[in-house]
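Below you'll find the structure, written out as structure tokens, and then a few comments.
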């Protein structure tokens, strides 16, 4: 009997050994397949979903200085079904935490994204900070397949592109998170960047430019890169980019680099009618002058500012007009702003906001300020 | 054995961690969308008078815990029946909290580990600390509170770049009705749950001020929860917030400092565990103490292990799934908890006041 208390701790220690080693779900890195990105298509023949995964190949060996990739494609009824069935092809469980891009084909987008997006935001193996794209080509997988010609992991390259998008502002950067957020908020329509294959001199490259417009979760239209930039202006999403400005004869001459831009949207109720004032203020630097005629003196700088502001105003206005008349889609989030600042008015219009938006009176006012002219103070002078 | 007394600082730590325990990861009830922070302030304001009632009980019965009071005031039989109710409440609350943790680890952290494994480990840890005594619990709470507050503040600072202040507009979007309903929700869960601490009033110093402990810990916990709720709201927005089971975890996962400091939600989950550990331990202590008082045991220590195992087991089968858990926490609990948190203590207080008044009346009569 005296032995018992001494044996008990020993017994406990032995019992704890298997529990404390932390090997319950132990997985070695070579037992998983790391997913870099996926493309989701509709399989033409039988209306099933086709999922193509681009995976990092970690068994590259020492002689390669860059990680390889592997492609895998499978059709099925639901996304999760396909994801699990892929194990039968890789023999390893897919690891999703490092995935960076999801590309939807236009067909999938037009039929509604809720069906395909839900798994990704719900499942615990995935992370919601992955970028989403809509393919401008017939299928989504051919974009991922470009990796065989560019020899890089396409999804990681796309993610890098999205990170640098702030220097061009020709496409919105949309994480799956923002997308779902937009779907859930009333008075806001979602957008997603468009991705296409750019072919020149036989060289194929992926190109992200423009955006797809959604109504609810269904894609209804496209904007090109320039329109997308104006859209970003209209919703205070500009972080950088270039404004090309004509000279007084209408020839593109000046480039203004956008340093910072702010858009203020003010909803007003006048005589029971809703009015929206959009004001943009853009700070720029003059970075290119394609003429030898001097711009010396304050006069001309302010003339450039004036002309740039006018052009920007007109472009934004025509884009808003287009959205109002063609698509009835409030991609600018103006409904949300009205909701926040005029809750009483919003209660009246919220149920038929799309129609209300189409009739809405929106005035645009743009101001461009040139703060600097980079390294040189005047244009290149022609000597004799 | 000697009587355990813990100083005010430690009991404040215990109660603060107890209050914020589940709210840290479950969030507060959020039917009112972007006005839930208003509801929280109301709930704190409502909780303070209740705390004063609890404190008054400590003044009337110094050195006694809830069970002693019940038996003293309502007599041996009725007092014991009410005590049994409180034992159930403490047990049940402990199980709910354990289950929250179980669901949390099953959903986000350890997806293929059976839920009972982490719950059992935490449960056994709580058994250990309760067996070691309230003094140990008090000291560990003091240390853990420092740690928890530090982590919360750091995370708060790191999430500032993700704040979108327009999520707060328009103020009172959903109307007063939902705000009031949320006030009730936040009042019963988590603030008035502190009624459990009444069962451990015997560890407060006899002459010490219970008001200081209860009111200040309500305030501190209120500020912490308010801060966490506001952060979740500002980062996630009211629409998404309502669809998440564990909003804090998701909000932290949004942190991205220069593509360098990312994916820190796993580390932040540690504070959920520390707060939960204190909460379950206190529930376990109060339940065991109650059993000891009702059955006149010489020490509560002899029933801690049994109660702890029952608590873990109850946590395993108390809900069918996470949907049921959420429904219970936000819709049923605020009605279920009211008698324990408000009705019985208030009746106890009124009766005790009458008794005390009569006694003093008799005393003055005898003096004359």
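Protein chains in written order, with UniProt numbering: chain A, 1 to 384; chain B, 1 to 368.
Idealized CB from N, CA, C, for every residue including glycine.
In this text, all values refer to a predicted model and were calculated from it rather than measured experimentally.
Item	Value
Chain A contacts from the segment 148-170 of chain B (Cβ-Cβ distance under 7 Å)	166, 169 and 170
Residue 210/A in three-state terms, based on DSSP	strand
Proximal residues of chain B, C-beta to C-beta of residue 293/A below 7 Å	Ordered by position in chain B, no residue passes the 7 Å Cβ test against residue 293/A, which lies about 43 Å from the chain.
Bounding residues of the alpha helix (DSSP H) (the contiguous stretch that carries residue 102/B)	76-104
Close beta carbons around residue 119/A, own chain, < 7 Å, minus the five adjacent residues each side	79 and 80
Limits of the beta strand (DSSP E) - the one that residue 274/B falls within	That residue, residue 274/B, is in no beta strand (DSSP E); its alpha helix (DSSP H) goes 265-294.
Simplified DSSP assignment, three categories, for residue 133/A	strand
Ranges of the beta strand (DSSP E) found wholly within the segment 261-324 of chain A, counting only runs of at least 3	273-289
C-beta atoms of residue 223/A and residue 169/A nearer than 8 Å	no
Residue from 65/B, 125/B and 110/B with nearest C-alpha to residue 269/B	110/B
Below-8 Å beta-carbon distance, residue 321/B vs any chain A residue	no
Residues within the segment 227-252 of chain B neighbouring chain A, beta-carbon criterion of under 7 Å	237, 239 and 240
Local conformation of residue 199/A per DSSP, three classes	strand
Proximity of residue 148/B and residue 271/B at Cβ, strictly below 8 Å	yes
Distance CB(residue 140/A)-CB(residue 99/A) smaller than 8 Å	no
Chain-ordered neighbours of residue 108/B on chain A, where CB pairs are closer than 8 Å	124
C-beta neighbour in chain B for residue 150/A, strict 8 Å	no
Identity of the residues DSSP links to residue 65/B by a beta bridge	Bridge partners of residue 65/B: none, in fact.
Bounding residues of the alpha helix (DSSP H) (the contiguous stretch that carries residue 353/B)	344-367
Contacts of residue 341/A in chain B (Cβ-Cβ under 9 Å)	169 and 170
Three-state secondary structure (DSSP) of residue 173/A	coil
Euclidean distance between Cα positions of residue 372/A and residue 288/A	11 Å
C-alpha gap between residue 14/B and residue 234/A, whole angstroms	52 Å
In DSSP terms, what residue 50/A is bridged to	41/A and 75/A
Secondary structure of residue 245/A, DSSP reduced to three states	strand
The ligand MG heavy atom lying under 7 Å from the CB of residue 152/A	Judged by which ligands are present, the structure shown has none, so any question about the ligand MG falls away.
Residues of its chain near residue 202/B, where Cβ-Cβ distance is below 7 Å and the 5 sequence neighbours each way are ignored	63, 64 and 65
Residue from 265/B, 261/B and 256/B with nearest C-alpha to residue 248/B	265/B
One or two residues paired with residue 369/A in a DSSP bridge	283/A
Cβ neighbours of residue 315/B in the same chain (closer than 6 Å, five flanking residues each side left out)	95, 98, 99 and 119
Identified DSSP bridge partners for residue 256/A	243/A and 286/A
Residue 101/A - partner residues in DSSP beta bridges	37/A and 131/A
Neighbourhood of residue 277/A by C-beta distance below 6 Å, restricted to the same chain and skipping five residues each side	266 and 363
Chain B contact for residue 184/A (CB, 8 Å cutoff)	yes
Spatial neighbours of residue 341/B in its chain, beta-carbon cut-off 8 Å, leaving aside the 5 residues before and after	50, 188, 192, 193 and 195
Where the segment 326-337 of chain A meets chain B: residues whose CB sits under 9 Å from a CB there	336 and 337
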